[in-house]
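One structure is given here, and the rest of the page talks about it.
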Amino acid sequence: MAVTPVTMASSTKKEDRAKEAATTSSTAGSRLEVRSWEKLHPHGDVYSPRTGHTVTSKDGRVYVFGGTDRRRRQQDLYQLEIETGTWSQVQTRGALPPRRSGALGVVHESDMFIFGGYDGRDGNYFNDLYYFNFDEQRWSQMPSVVEDRPEARTDHIMVLHSSSIYIFGGYNGSSRFNDLCGYDIQAQRWSRLQAQGSVPSRRFGHSGVVHTETNRLIVFGGWDGRDTLNDLYEYSFVTNEWRKLETTGNSPPHRYRHTAVIFGDNMFVFGGVDKTHSRFNDLQRLDLVTNTWSEVCTTGSIPSSRTFHRAVVVDSKMYLLGGYDGTDRLQDLYSIDIGALTPPSLLDICADYVRTNLDAVLETTTFKGVPLDIIDHVVFKRDLEGRLRGKCKLCRPGRTLRKEAGRINLNKSFNALRFYLQAPIRLHVVYVVNFIASFISSQSLLR
């Protein structure tokens, strides 16, 4: 498959963008970035709880195809009208794709394309390419030469760039892949790209997004058969070359079967699971201009930890659908605005300053020996507006102060701290001033 030459942005423009990003990264890339989750309660004919479903969007609607519910793999198609919050099952024409989970999809003009997946019953992995025409409400199978198709697989990534579909990685029950295949929609032809550079290792359960402005595919994480990953690669559609990216900031924990979406110059990663079966519900952001990672402080109705979920962007909001929480399959729906940032409040700044500088003075305060998680918990529990609780490890779903503290001796110093922080929120500014004075005093004594 030929890679179409594309004119890149001039070096001057890229330098200006980097400078602009550098001037805003102190706020946008810091731990003080605050975004709020909202749990939505749509009505109508809602799809059954499921995992491994295919999710796309078009014209203000979200579409869900297939996946595995509590009984079996599905081949149904549902749509959510975002403006009205109404789910309905789409009555389609044509031959339905076989039941499957783990397929992925993209939308090109008036068609939704799906590729791959697994039927779970007969042990069949798919390498067929189906498309659903939104105008005719009809399913059709895309013609292609069988010999040119990618090997059957699931847990791959599927992205759209220009008028071509790209598939990378995946798993077929016995082998993992790191091949990059392309399908030219106009020519109706598959080809295997012989990319150069630092090709990512074989993997599945990774994520991929396309940064249109720089003509790059960004690949993150996955499972290589031995361990979960948190590495980051880019593929250039211009040069047909892979490159491993070096990043700054705090890289996310290793994970696979997470989701990633892109909005503007930022990639957002949510959820997933590591090799110890620990699931995540954190929201991580990668600045694609500076290659800087940061964890987003989230508040509101934070989704439970999960994997095998799906996410899609409509306007400036990311919508999160379904998945598996370790106990059951889900059908819940959440949204979070990933557009303009919420400026940090004075309370956010004060609490962040206290938290990041507390280690330096623990030895010179009456709070010596109090675990930092406990201090966080006491401080953030007094946040009456609820904006800081997403930072507290003990306030996350399934965790409590009693459970996490366990056998910790809550001694007099902790009781004194708890009493002191019982003051109203407005007095936390006084606490910070006193804290800074104590810090300065302690540093003077150490000189």
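Going left to right, the sequence shown walks through residues 1 to 447 as the UniProt record's numbering numbers them. No residue lacks a Cβ here, since even glycine has one placed at the ideal position from N, Cα and C.
Exercise for the section: Check THR92 in the structure and name its three-state DSSP category. Expected result: coil
Practice task
Determine the contact status of GLN286 and ASN266, defining contact as a CB-CB distance below 8 Å.
Solution key: Reading off the sequence, residue 286 comes out as Leu, not Gln. Yes, these two residues count as a Cβ contact at 8 Å.
Exercise for the section: Please name the residue or residues paired with ILE262 in a DSSP beta bridge. Expected result: MET267
Handout entry: Sufficient close CB pairs (3 or more, under 8 Å) joining the stretch 250-259 to the stretch 270-282
Key = Touching, per the Cβ criterion.
Practice task
Classify VAL106 as helix, strand or coil using the three-state DSSP reduction.
Solution key: strand
Handout entry: Contact the stretch 91-102 vs the stretch 130-140: 3+ CB pairs below 8 Å
Key = The stretch 91-102 makes contact with the stretch 130-140; the number of CB pairs closer than 8 Å reaches 3 or more.
Exercise for the section: Helix, strand or coil for ASP148, going by three-state DSSP, please let me know. Expected result: helix
Exercise for the section: Using only alpha-carbon positions, find the residue among VAL145, GLN141, GLU109 and GLY52 that is nearest to ARG100. Expected result: GLY52
Exercise for the section: Out of THR68, GLN74 and GLY85, point me to the one whose CA is closest to TYR334's CA. Expected result: GLY85
Practice task
With DSSP as the reference, please indicate the residues paired to ASN133 in a beta bridge.
Solution key: ASP111 and ARG138
Handout entry: CA nearest to the CA of LEU217, picked from ASN172, GLU241 and THR327
Key = The shortest Cα separation from LEU217 among ASN172, GLU241 and THR327 belongs to GLU241.
Practice task
Give every residue of the same chain whose Cβ lies closer than 6 Å to the Cβ of ILE338, excluding the five residues on either side of it in the sequence, and list them in chain order.
Solution key: PHE263, PHE268 and MET318
Practice task
Give me the Cα-Cα distance between ARG71 and GLY300, rounded to the nearest whole angstrom.
Solution key: 32 Å
Exercise for the section: Can you grab the Cα-Cα spacing for the pair LEU143 / TYR171, in whole Å? Expected result: Rather than Leu, the amino acid found at residue 143 in this sequence is Pro. Going from the Cα of PRO143 to the Cα of TYR171 covers about 23 Å.
Practice task
Evaluate HIS206 with the Cβ neighbour count: other Cβ atoms within 10 Å of its Cβ, from every protein chain shown; 16 or more gives buried, anything less gives exposed.
Solution key: buried
Problem - Limits of the unbroken beta strand (DSSP E) element including residue 465 - result: Lying outside 1 to 447, the shown extent of the chain, residue 465 is not represented and no answer is given.
Problem - Residue closest to residue 458, alpha-carbon to alpha-carbon, out of TRP37, HIS43, GLY105 and GLN137 - result: The requested residue 458 is not part of the displayed model; the chain covers only 1 to 447.
Exercise for the section: Helix, strand or coil for PHE237, going by three-state DSSP, please let me know. Expected result: coil
Handout entry: Pick from ILE82, ASN281, ASN215 and PHE237 that is closest to CYS181, judged by C-alpha positions
Key = The residue with the shortest Cα to Cα distance from CYS181 is PHE237.
Problem - Same chain only: Cβ atoms within 8 Å of ARG138, ignoring 5 sequence neighbours per side - result: THR92, ARG93, GLY94 and PHE132
Practice task
Go to THR298, then tell me how far its beta strand (DSSP E) extends in each direction, as first and last residue.
Solution key: 297-300
Practice task
To the nearest angstrom, report how far apart ASN291 and GLU136 are at their CA atoms.
Solution key: 42 Å
Handout entry: Three-state class that DSSP yields for LEU154 in the structure shown
Key = Inspection of the sequence shows that residue 154 is occupied by Thr rather than by Leu. Strand at THR154.
Exercise for the section: Measure the Cβ-Cβ separation of VAL46 and VAL55 and say whether it is below 8 Å. Expected result: Cβ distance not < 8 Å, so VAL46 and VAL55 don't count as in contact.
Handout entry: Proximity winner among SER191, ARG35, ALA195 and PRO150, relative to ARG176 (alpha-carbon distances)
Key = Per the Cα distances, PRO150.
Exercise for the section: Would you please state the rounded distance, in angstroms, between the beta carbons of ASP224 and ARG203? I believe it to be under 8 Å. Expected result: 5 Å
Problem - GLY221 to ALA260 span [Cα, whole Å] - result: 10 Å
Handout entry: GLU83, DSSP secondary structure in three states
Key = coil
Exercise for the section: Give the secondary structure of THR247 by DSSP, where H, G and I count as helix, E and B as strand, and everything else as coil. Expected result: coil
Problem - VAL210: first and last residue of the uninterrupted beta strand (DSSP E) it sits in - result: 207-211 is the span of the beta strand (DSSP E), which, as asked, contains VAL210.
Exercise for the section: Leaving out five residues on either side along the sequence, give the residues of the same chain with a beta carbon under 8 Å from the beta carbon of ASN281. Expected result: Result list for ASN281: PHE270, GLY271, ILE302, PRO303, SER304, SER305, ARG306, ARG396 and PRO397, in chain order.
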